[in-house]
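S.K.: Numbers 39 to 212, taken from this note's numbering, label the letters of the sequence shown in order.
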Amino acid sequence: MIWPGMGDPTKRKKTLRFLAITAVIAISVGLASTFIQSYLSTDNPLKACINDRHTPYRITAILEIEVDGQRADIPAGIGMEAPSCHRSMYTLTNDGTIHAEWIEEYPFEIGHFLWIWDFPLRDMEQSKSAIYVDGTESPDFINHPFQDGLHYKAVFTSKAHDESKDSDFLPPEN
């Protein structure tokens, strides 16, 4: 089979030159985009490593997570991806204490920590989930500001959760 543009030698040259130029342009755009994004994210506290930065703004709070009625552990070492990269939101222990630090005051949110942790928020039923701040439900859900000294409780219901297993099907007590 002869591909279109490959039969005549002059057409073949033009076609191959066009494909080569297109490939060079596509690769150039991809590399330029990668370098520009990495340059612009150097001052983004959610993506930058803070190992070599002076970070006077520091806050700490406690987060509990409950998924389908079961307490979920928050492991130590979240935000510590490699010895050379320490993120701005991290955990040192597995007791739910979250630390956040940056070079200046920054409006951290609970959702930022869940994003750094790679918490499977897409697998959760957001209409049945809630964030409680010191015992009061937040209307902002995961966009609630992360503030120093507060106690957060995140209650999530997964999309795969079967609520019929939560009830015992006995008649109500009078």
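The beta-carbon is built from N, C-alpha and C at its ideal position, and this holds for glycine as well.
Taking C-beta to C-beta, are P146 and M127 nearer than 8 Å?
M.R.: Within the sequence shown, residue 146 is the residue found at index 108, counting from 1. Within the sequence shown, residue 127 is the residue found at index 89, counting from 1. A quick correction: the sequence has Phe, not Pro, at residue 146. Against a cut-off of 8 Å, the Cβ pair of M127 and F146 comes out as a contact.
S.K.: Suppose contacts are defined by Cβ-Cβ distances below 8 Å. Is I116 in contact with I74 by that definition?
M.R.: If you number the sequence shown from 1, residue 116 lands on position 78. If you number the sequence shown from 1, residue 74 lands on position 36. Taking 8 Å as the Cβ cut-off, I116 and I74 do not qualify as a contacting pair.
S.K.: Helix, strand or coil: how does DSSP classify T98 here?
M.R.: As a working mapping, residue 98 is identified with position 60 in the sequence shown. In this structure, T98 counts as strand in the three-state DSSP scheme.
S.K.: Can you give, in chain order, each stretch of the beta strand (DSSP E) that sits fully within the region 148-186 and has at least 3 residues?
M.R.: 168-171
S.K.: Taking the straight line between their C-alpha atoms, what separation do you get for E163 and D46?
M.R.: For the purposes of this step, residue 163 is taken as residue 125 along the sequence shown, with counting starting at 1. For the purposes of this step, residue 46 is taken as residue 8 along the sequence shown, with counting starting at 1. The alpha-carbon atoms of E163 and D46 are separated by roughly 60 Å.
S.K.: Going by beta carbon distance, what residues of the same chain come within less than 7 Å of D106, once the five residues before and after it are set aside?
M.R.: Numbered from 1 along the sequence shown, position 68 holds the residue referred to as residue 106. Cβ within range, chain order: T195, S196 and H199.
S.K.: For the alpha helix (DSSP H) that Y190 lies in, which residues bound it at each end?
M.R.: Against the sequence shown, residue 190 aligns to sequence position 152. It is not in any alpha helix (DSSP H) - Y190 instead sits in the beta strand (DSSP E) that spans H189 to F194.
S.K.: Using only CA atoms, which one of I88, A64 and T48 lies nearest to H137?
M.R.: Your numbering for residue 137 matches position 99 in the sequence shown. The candidate whose alpha carbon is nearest that of H137 is I88.
S.K.: Would you mind reading off the limits of the alpha helix (DSSP H) that contains T135?
M.R.: In the sequence shown, counting from the first residue as 1, residue 135 sits at position 97. No alpha helix (DSSP H) holds T135; the beta strand (DSSP E) holding it covers T135 to W140.
S.K.: Using the three-state DSSP reduction, which class does Y77 fall into: helix, strand or coil?
M.R.: Taking the first residue of the sequence shown as 1, we reach residue 77 at position 39. Here Y77 sits in helix by DSSP.
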